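Sequential numbering of the sequence shown, starting at 2, is according to our numbering.
In this text, a Cβ means the ideal position worked out from N, Cα and C, and glycines have one as well.
Quick caveat, the model's predicted, so the values are computed rather than measured.
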Amino acid sequence: MSDVIEFLEKLGSDARLFQAARETVALALADAQVEAAAGEAILARNVEELQALLKVVPLHCFQSAPKREGEEEEEEQEEEGEEGEKQPKKPSKSASQSVVVARTDTLA
Numbered sequence: 002m003s004d005v006i007e008f009l010e011k012l013g014s015d016a017r018l019f020q021a022a023r024e025t026v027a028l029a030l031a032d033a034q035v036e037a038a039a040g041e042a043i044l045a046r047n048v049e050e051l052q053a054l055l056k057v058v059p060l061h062c063f064q065s066a067p068k069r070e071g072e073e074e075e076e077e078q079e080e081e082g083e084e085g086e087k088q089p090k091k092p093s094k095s096a097s098q099s100v101v102v103a104r105t106d107t108l109a
């Protein structure tokens with residue numbers, strides 16, 4: 002597994018290798034002694050297969066900041082229309098700043 006991780010690190014840091022022909026990448030995989038199944042997944046750029054072989058799952062993160070004092074009052078005033086009717090809520094300006102981490106079950 003460490004050979005695969007080391008190769009992926011090298012692939013990500015070397016633009017020439019990343020954009021090289023399939024045969025060049027295959028030779029680099031052989032030089033790095035990466036297992037055949039993992040090498041085929043890398044050559045095919047098959048992320049799901051590589052994750053399954055390495056027994057890892059993707060980690061997703063969402064980030065949002067808490068509202069500051071006074072923001073709630075401003076938002077409530079903005080939500081009311083000209084006739085006093087409430088308008089549909091708009092996403093808050095800080096919606097992209099709270100932290101939520103979701104992780105799928107680990108692969109068997």
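Nearest-angstrom Cβ-Cβ length linking residue i and residue j, presumed shorter than 8 Å
| i | j | result |
| --- | --- | --- |
| V26 | L18 | 7 Å |
Rounded straight-line distance, which links the Cα of residue j to that of residue i
| i | j | result |
| --- | --- | --- |
| L28 | F63 | 39 Å |
| E10 | A66 | 32 Å |
| A37 | L30 | 9 Å |
| A21 | V48 | 18 Å |
| P59 | G13 | 18 Å |
| L51 | D32 | 19 Å |
| K56 | E70 | 45 Å |
| M2 | D15 | 20 Å |
| R23 | A53 | 22 Å |
| F8 | V35 | 8 Å |
| A39 | H61 | 23 Å |
| E41 | K68 | 48 Å |
Minimum Cβ-Cβ distance from residue i to chain B less than 8 Å
| i | result |
| --- | --- |
| V48 | The chain labelled as chain B is not found in the depicted structure, where only one protein chain is given. |
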